[in-house]
Amino acid sequence: PESSGAPVRVENLKQSAVGKNKLTFSFQIQHVGTGEIFTNEAGAAVCDDSRFSNEDKVKVSDSILSGLGNLGTISCPGLSQNNGYVKLFDGKATISCTAELNAGAVSGNFERALDINLIYNYREIESVPIMVRHIEDEG
């Protein structure tokens, strides 16, 4: 299922048990729009027309870290403190994480929502031709 109507989406979430109280999951960040993804330099105007720094970079917020609450921990190599910037190549990037449940934290199967928030700036330009007509003075 699609995550939203946004131009950059979280897709293809997959999970797998890898041991007692341990699982891995991965997801793909995918650019599905036609514009440009960028992060702007500190203090720079968001719509500054100069070349943007960090093109095709998306920030994954620390919402992943809170996914298990006090039931365990989640680590995502490549993301500092489970958040940070991810570079998209050919419009996509894959993030892999490991979740370890605290011993005795749960018994049996359970479900927990996993919030993955992406932060990015986006610029999309659309050109539309217009016609300006000259009207003669009638006087």
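First residue of the sequence shown: 449, per my numbering; consecutive thereafter.
Don't be surprised by glycine CBs; every beta carbon is placed ideally from N, CA and C.
Contact test: residue i Cβ vs the ligand NAD heavy atom, cutoff 7 Å
i	result
Thr482	Absence of the ligand NAD from the depicted structure is noted, as is the absence of any ligand whatsoever, leaving it without description.
Distance, residue j Cα to residue i Cα
i	j	result
Cys545	Pro525	7 Å
Gly552	Gly520	10 Å
Asp585	Tyr570	45 Å
Lys535	Arg581	47 Å
Glu503	Gln478	14 Å
Met579	Ala454	32 Å
Ile543	Gly467	20 Å
Leu461	Leu562	10 Å
Gly491	Phe473	Any reading at Gly491 needs caution, since the residue's pLDDT is 49, under 50, leaving its predicted position unreliable; the model's value is listed next. One C-alpha to the other measures close to 36 Å.
Gly556	Glu459	27 Å
Asn518	Leu549	9 Å
Reduced DSSP category for residue i - H, G, I as helix; E, B as strand; rest coil
i	result
Gln463	strand
Nearest-angstrom beta carbon gap, residue j and residue i [assumed within contact, 8 Å]
i	j	result
Ile564	Val506	The pair is not a contact, with the Cβ atoms about 11 Å apart (cut-off 8 Å).
Tyr568	Thr487	7 Å
Leu566	Val456	6 Å
Unbroken beta strand (DSSP E) runs of length 3 or more, entirely within the stretch 519 to 585: which are they? Correct list: 520 to 523, 532 to 535, 540 to 549 and 569 to 571.
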